[in-house]
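Chemist: In full-length UniProt numbering, the protein residues as written are 1 to 291.
Built from N, CA and C at the ideal position, the CB exists for glycine as well.
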Ligand code: FAD
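Here's what the structure looks like:
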């Protein structure tokens, strides 16, 4: 296998904080990411409609203006009307932000906000119709979306998403690269030919690991479970091993010509920077970063 000139992209995800500690973490993270030149930074949306503009849009503006970095805004279809989408798209255009991650959004039991959309593909089609110059990304699930009947149905719906105008896909987190490679093959067979960015979330503490195990359908490989078992009483080693595992995953993905890596930073600056300084050259980025 030889190296090609086409380097994969590296992007980061941050979320709007909901506490003072969270704000301090996020500010530190953004300071650390400043100057690293990622392909883009994406800003998540809460799974409640509350304060979408004051949280997601305000943070996106801050990222865009302070870091001078291409910025992507997450938009959950299940919580927005056409009118609200129109307003947000106008605002984004004024801010010079032209990237949206169109999602269905997590459904919260007992919470039924007004919406004009059912699936992410409905929102994707609408955004492309209103603003053809916007780049619209979509979510995908190498280990199948939990609501799907089976893999075939999930891939069929993903193809609908692409046909509705989705330009690029970002995966749910996964810890088994083989699952990602199999998913890539299935996409190719289904004629899904847009870039697929691999979503990587380093595990840095036990609480987060348990959350992932409970809430995501990601399979945990034996090597990963051994790390969790061995360092269950040693948070420092667990964090180091978790970061090393993520670096290892990224090296393998890039070696196998992944189109891009999207790092779920969890607003943790030291983790993002550590991973960056260990992998930057793989993405054709400057590595002269102090740790
Ligand atoms: P869809 O693509 O709409 O798919 C949802 C389910 O419906 C799937 O099972 C699919 O197979 C099925 N389906 C699709 N179309 C049809 C159809 N026509 N008929 C029948 N079934 C169909 N959530 C948030 O709330 N905020 C965020 O910021 C956020 N960011 C995310 C970022 C990434 C990279 C990822 C992977 C997920 C993110 N999520 C976020 C979570 C996401 O909203 C949930 O996983 C949600 O359950 C599904 O979103 P989707 O866009 O994949 O939905």
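How do the stretch 55–72 and the stretch 104–124 stand: do at least 3 beta-carbon pairs fall below 8 Å, yes or no?
Modeler: no
Chemist: On the criterion of 16 or more Cβ atoms from any shown chain inside 10 Å, does residue 111 qualify as buried, or is it exposed?
Modeler: For residue 111, the number of other beta carbons within 10 angstroms of its own is below 16, and it is reported as exposed.
Chemist: Suppose contacts are defined by Cβ-Cβ distances below 8 Å. Is residue 183 in contact with residue 9 by that definition?
Modeler: no
Chemist: Output the distance between the C-alpha atoms of residue 123 and residue 79, rounded to the nearest integer angstrom.
Modeler: 11 Å
Chemist: What residue from 58, 227 and 118 has the CA that sits closest to residue 243's CA?
Modeler: 227
Chemist: I'd like to check one pair, residue 57 with residue 100: are the Cβ atoms closer than 8 Å?
Modeler: no
Chemist: Measure the C-alpha to C-alpha separation of residue 16 and residue 26 and round it to an integer number of angstroms.
Modeler: 8 Å
Chemist: Measuring only from the beta carbon, is residue 47 closer than 7 Å to any heavy atom that is part of the ligand FAD?
Modeler: Checking the Cβ of residue 47 against the ligand FAD gives yes.
Chemist: Report the three-state DSSP secondary structure of residue 40 (helix, strand or coil).
Modeler: coil
Chemist: DSSP three-state call for residue 45: helix, strand or coil?
Modeler: coil
Chemist: Locate the alpha helix (DSSP H) running through residue 26, then write down its first and last residues.
Modeler: 20–33
Chemist: Buried or exposed: which applies to residue 210, given that a residue is buried once 16 or more other Cβ atoms fall within 10 Å of its Cβ?
Modeler: exposed
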